[in-house]
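Number of protein chains: 4
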Amino acid sequence: MLTSTPFPKSFASDNHAGVHPAVLAAIAEANAGDAPAYGGDAWTLAMEDAFRAEFGAQTTVYPMFNGTGANVVGLGLTLRPYDAVLCPATAHINVSECGAAERVLGTKLIPLPTDDGKLRIDDLRGELSALGNVQHSQPRVISISQVTECGTCYTADEIAELADFAHARGLLLHMDGARLANAAAELGCSMRALTTDAGVDLFSFGGTKNGAMGAEALVILNPELDAPALFLRKQGMQLASKMRFVSAQLTALLSGDLWRENAAHANAMAHRLADGVTDLPGVSLRYPVQSNAVFPALPEKAIMELQQRYLFHVWEADENVVRWVTSFDTTAEHVDTFIADIRLAVHGRSDS
Amino acid sequence: MLTSTPFPKSFASDNHAGVHPAVLAAIAEANAGDAPAYGGDAWTLAMEDAFRAEFGAQTTVYPMFNGTGANVVGLGLTLRPYDAVLCPATAHINVSECGAAERVLGTKLIPLPTDDGKLRIDDLRGELSALGNVQHSQPRVISISQVTECGTCYTADEIAELADFAHARGLLLHMDGARLANAAAELGCSMRALTTDAGVDLFSFGGTKNGAMGAEALVILNPELDAPALFLRKQGMQLASKMRFVSAQLTALLSGDLWRENAAHANAMAHRLADGVTDLPGVSLRYPVQSNAVFPALPEKAIMELQQRYLFHVWEADENVVRWVTSFDTTAEHVDTFIADIRLAVHGRSDS
Amino acid sequence: MLTSTPFPKSFASDNHAGVHPAVLAAIAEANAGDAPAYGGDAWTLAMEDAFRAEFGAQTTVYPMFNGTGANVVGLGLTLRPYDAVLCPATAHINVSECGAAERVLGTKLIPLPTDDGKLRIDDLRGELSALGNVQHSQPRVISISQVTECGTCYTADEIAELADFAHARGLLLHMDGARLANAAAELGCSMRALTTDAGVDLFSFGGTKNGAMGAEALVILNPELDAPALFLRKQGMQLASKMRFVSAQLTALLSGDLWRENAAHANAMAHRLADGVTDLPGVSLRYPVQSNAVFPALPEKAIMELQQRYLFHVWEADENVVRWVTSFDTTAEHVDTFIADIRLAVHGRSDS
Amino acid sequence: MLTSTPFPKSFASDNHAGVHPAVLAAIAEANAGDAPAYGGDAWTLAMEDAFRAEFGAQTTVYPMFNGTGANVVGLGLTLRPYDAVLCPATAHINVSECGAAERVLGTKLIPLPTDDGKLRIDDLRGELSALGNVQHSQPRVISISQVTECGTCYTADEIAELADFAHARGLLLHMDGARLANAAAELGCSMRALTTDAGVDLFSFGGTKNGAMGAEALVILNPELDAPALFLRKQGMQLASKMRFVSAQLTALLSGDLWRENAAHANAMAHRLADGVTDLPGVSLRYPVQSNAVFPALPEKAIMELQQRYLFHVWEADENVVRWVTSFDTTAEHVDTFIADIRLAVHGRSDS
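Protein chains in written order, with numbering that gives the first Met the number 0: chain A, 0 to 351; chain B, 0 to 351; chain C, 0 to 351; chain D, 0 to 351.
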């Protein structure tokens, strides 16, 4: 039998985790004889109901294979050939999708520097002078990530302010919600409060990092954007033939509160981890912990020692900032053992 | 509990079928704690071994989400910005991928008419006069489907002849192998005989229609094409984060002979179906049965009657040609019941 | 001083000719001190007036550098990312633009075989079954060339019929009018009768082959298509900074009847040429002469002999069809000398 | 007769100027009967000789219609589908080409902030950590503008340092040389010293702003990049049919020293202008004057008053920085009158 990594629980990413048992069971239950391909099956219809229950009656939803696919197909619905996307420089679409937006959509991304991965209105104003200037790509969409790539969250009010700013200027608000569940869990609100109610036009919903096997979705809240979605999903190479098996995963997370349980648990583990190390000398948090990720600066020697035994990424090499991510199946014991090892690595042997 | 379609066994597509139990078991077994994301996990390494065992030591293989993704990423490895793909007019890349090749790759497809979905060298010669002419896209790749969209197969010799023709002119041979397993089963040979040994440069391997949940692969046999594959897969939105669950499906099909059993059974059911109806008046086969699909012309009235109770597609409306597809889980009983209903529909009640 | 070709008058293309003196004079006159760049100058405003006078008050017009640019920018105004263009297989956009439409627009061209370069409604019907099918690119534009790449013309009624067919199905009619002037001259009608009045939505206007130095234009007759034109022209690399010098060329052709004189003369020379050789044994016309091009089949030996002394292209090598093109500055003497040499080449020396 | 602007000599752009008489004469001389289209004519061959004389024997050169075309086709020669271009945030390719690079090439531009439009090696290092990371676009080309969009120049040594840095890491150095002539004139060196000898791989040569009617060129110094140039120029909609009229313009500038005379004169006028106003209260230069552009900060009231009578652009509205550009035909009298009016506008009437 194949075995997984020789390391203990990974802190490298929430996609190092496996699949939540309830999701795996839902997949197995969906294997019940024939079903129409490409959507239209009973499981996809049920999934659509679950999204409407969560996000409102006007919601349309399209299962996607991965987050890059959901982002690219979603942005594709909003952009004319000469349009640009305003996004934080740290955005996944800007730095972690190998140029898919530029290549597949032919669009320009305009990356804006931020302190903490969060766009603010003052970051945007300067770019809007390009509107109407035929030499410039036309800003059309503001894209934010919730939670951000820095682990921080926008409040519902902050999102609403961005949406109002966008809509007042004929722009749209897009959200990369790969970890939207973590944000809602952290803020103690519904996912709807952070999307539909805040004026988001469309977003990518992330299931994979929340315990699915591989299930993301493009969720459209502004019905004017919906018409070409089926075509762009197909063209964007995101149309699953046996779609029921993707839909069933999403339904397993959304019906009931599994999405919230998984996210809240992962967040709690991140806070536990941060709390266990921030008193250490030479350890400081680069960003506040607001989800399931911790970005500490550590002594370089400690990083090297810990990477012998734990999987995690160096985030900013120049400043010895690393990223630790927890997931639905990270246990308190995993965290406490890691804390102990971190303390040892920072203090040296004499610490014991 | 959700139920599947109200219809009996679908004859519309082999992707209406569910997942083979052995594949589902392999997925569940892969859910064993943490594993690195994006490949590099033990299941992906095992899958790579399985492909090398089947296709030769120089093989590289990249799991993909669907056939369109595998085709587009694969062709992307072969094309300069001004290159064109020569393909049958019936090719999936030409008529069933919503223009993904043109949109994502910016490439020109040059569709060539065929009688039976199979390209022959005489179809190609005329296009090669464009070579070196700066006003024309440059033919660079010949793309064939095995089995074709008409259910027909190329023999190993026919493929080798196309490969030799291509290579002698600096072109490459690409294969859309969404149903390569069915071809090998039908021809009684290895998949390697139809690819590596015949000179194919790269191909899409189809697992989904062979009993997987959703698992295709890009397989590269010409090592010169391999270098950018990781980048183009990511950019092509085909990089699975929890890749082990895709890899495990492919391994389940390839290790042992599950791929052949599934394909041979589906093919046998198609032959059984064809044999059961071709004696009927007004029924004739548009293409010979060489895989798991039957393309009969039927009286229009019979088509309308059968579509009340069975799922299948009309293929050429003008000529009353329909397509019936069998799958790994089509039983002899399914087929025999369908035959009886077809006979009734063609003959009318008095036939009984 | 540099000299031109060692050959007598070229029959290879109407773009082997130089610039009509009136056009050259107009360029020199436009060199009158400063003018705003990128349009907005007095010469561009005058050119816009000239196009409105010819094509109607709703006309908008955008100077372009070449025909490929005009075609690509124009089609770009009509296409969503998943749309396709229906065009004759012989269309310049399909075979003579090195895949620009696919590469720059990401669009699919669906080439349809024709006898004479002219699309007819029966050629189109079969493709419209793709409308609404998410697996297919969506036919959105019918693109015709006037005159065609075979030298043939559509009548105003034929164009109107295509336009009505398109509009009744939500499609648009685009025209590559690189030689629109020749068609109007041949048919003895206005250019407006073949475009605005016939229901054409937008077209490329060709000035270069009509006696300009390098001046084409995108002309939009359907105002709904106009909004993004300035952006797509810039992005399509067709925005001239010193635009007045392009505009002045177009005005020189359009104000007064220079366009018609040039085209009518070129056409007359083509008819004179055809009339002078069609009685010869082994000489037949592949297409009727309806503009400034002649497509004769000739004995292969005569082709080889004539190409020693004359520039012209072989059109269909398999069938020994060549193309002879006349231009505004082809004289009757040029033609008569060529005829004499053709007769000699076909008959051999004993003919004299 | 049409008249030009009601304003005196424009200071808005060097492309508000007309055509140098010697260039216009060269165009007229090229109108000498027939010539082959698409290059291969005698004037294009002579132009190629002129570029080889200036830039070295390995030079290949391709006339282009405009700077955007030259930049996009040139970058297209260097980029794989997943590559990125490192450029200053101010680069013309980033902010003044309406997203052409993203749309036509599908490439990612990575804009880097600079103080004065000049990239330095320290700006680049951080981006190179992306090399080999499959989630990231791969930095492949460093693109600089000479002169920059801020009017500043790189020294030959600075260019060589960037070229060495690039080549040592497998990257290439591209130059947008829309005003390369102005840089060479300012630095008192040959254009070759700033390109070939400094290790530039390929660059766009600007003729239009130097006195041509509309003539740019892509110049390739690294022969490994040359092979696809003819195809990409055609596909990039930059292939002139009557190319001799573009080539003749370039030859007029390059043979003899017309390029240098025109550039040196324009530069001298910019220095004269700057020298005439920098003593004024509230007037300061945003960038040093190193070419034919002056970027002064002015009192807002003076800007508004001057724009009633002069054409020029506001560059940074927040800081009241404007841009004044001189050209080959700006006279000392133009400048002195402008200076007087500026002094009046800044001081008010009492200054006289």
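Every residue gets a Cβ at the ideal spot worked out from N, C-alpha and C, and that includes glycine.
Here the structure is a predicted model, which means the values were calculated and not measured.
In three-state terms, what does DSSP make of residue i?
i	result
Pro-222 (chain D)	helix
His-333 (chain A)	helix
Gln-234 (chain A)	helix
Val-345 (chain A)	helix
Gln-137 (chain B)	strand
Arg-285 (chain C)	coil
Val-373 (chain B)	Residue 373 (chain B) lies beyond the residue range present for chain B, which begins at 0 and ends at 351; the question has no answer from this structure.
Ala-34 (chain A)	coil
Glu-96 (chain C)	coil
Gly-73 (chain C)	helix
Phe-54 (chain A)	helix
Ala-247 (chain C)	helix
Ser-351 (chain A)	Unreliable positioning characterises Ser-351 (chain A) in this predicted model, as indicated by a pLDDT of 42, which lies under 50. A coordinate reading is not provided.
Glu-148 (chain B)	coil
Thr-277 (chain C)	coil
Leu-193 (chain A)	helix
Met-242 (chain D)	coil
Gly-68 (chain B)	helix
At the level of alpha carbons, what is the spacing between residue i and residue j?
i	j	result
Asp-274 (chain B)	Phe-294 (chain B)	12 angstroms
Asn-319 (chain D)	Lys-300 (chain D)	10 angstroms
Ala-269 (chain A)	Ile-219 (chain A)	31 angstroms
Asn-93 (chain B)	Tyr-309 (chain B)	28 angstroms
Phe-244 (chain D)	Thr-113 (chain B)	46 angstroms
Glu-315 (chain C)	Thr-325 (chain C)	19 angstroms
Arg-343 (chain C)	Asn-30 (chain C)	First, the residue type needs correcting, since residue 343 (chain C) is Leu and not Arg in the sequence shown. Their backbone Cα atoms lie some 49 angstroms apart in a straight line.
Asp-335 (chain D)	Ala-69 (chain C)	43 angstroms
Return the first residue and the last residue of the alpha helix (DSSP H) that residue i is part of.
i	result
Gln-269 (chain D)	Before going on, a small fix: residue 269 (chain D) reads as Ala here, not Gln. Here the alpha helix (DSSP H) through Ala-269 (chain D) covers 257–274.
Glu-185 (chain A)	179–186
Val-22 (chain B)	20–28
Asp-122 (chain C)	120–123
What does DSSP give as the partner residue(s) for residue i in the beta ladder?
i	result
Tyr-61 (chain C)	C:Leu-217
Ile-109 (chain D)	D:Leu-85
His-173 (chain B)	B:Ser-142, B:Leu-201
Val-293 (chain D)	D:Trp-323
Glu-315 (chain C)	C:Val-320
Please list, in chain order, the chain A residues whose beta carbon lies closer than 7 angstroms to that of residue i.
i	result
Pro-227 (chain C)	Arg-79, Tyr-81
Val-133 (chain C)	Leu-229, Phe-230, Lys-233
In chain B, which residues lie less than 7 angstroms from residue i when you measure between Cβ atoms?
i	result
Ser-9 (chain A)	Asp-33
Gly-105 (chain D)	Gly-105
The beta strand (DSSP E) that contains residue i, what's its start and end?
i	result
Leu-161 (chain B)	Unbroken run through Leu-161 (chain B) is the alpha helix (DSSP H), 155–167; no beta strand (DSSP E).
Run through chain A and tell me which residues come within less than 8 angstroms of residue i, C-beta to C-beta.
i	result
Gly-75 (chain C)	Pro-80
Run down chain C in chain order and give the residues with a C-beta less than 8 angstroms from the C-beta of residue i.
i	result
Leu-179 (chain D)	Per Cβ cutoff of 8 angstroms: no residues; Leu-179 (chain D) is ~16 angstroms from chain C at best.
Val-71 (chain D)	Met-236
Residues of chain B with CB closer than 8 angstroms to the CB of residue i, please, in chain order.
i	result
His-252 (chain A)	Checking the sequence, you will find Leu at residue 252 (chain A) rather than His. None at all; the shortest Cβ gap to chain B is about 14 angstroms.
Interface residues of chain C around residue i at Cβ under 9 angstroms?
i	result
Gln-371 (chain A)	Because chain A is modelled from 0 through 351, residue 371 (chain A) falls outside the range shown and cannot be assessed.
So which residues on chain D does residue i lean against when the C-beta distance must stay under 7 angstroms?
i	result
Ser-12 (chain A)	Here the premise fails: no neighbours, minimum Cβ distance about 12 angstroms.
Taking residue i as the query, report the chain D residues whose CB atoms sit under 9 angstroms from its CB, ordered along the chain.
i	result
Glu-318 (chain A)	Under the 9 angstroms cutoff, chain D gives no residues; its nearest Cβ is about 12 angstroms from Glu-318 (chain A).
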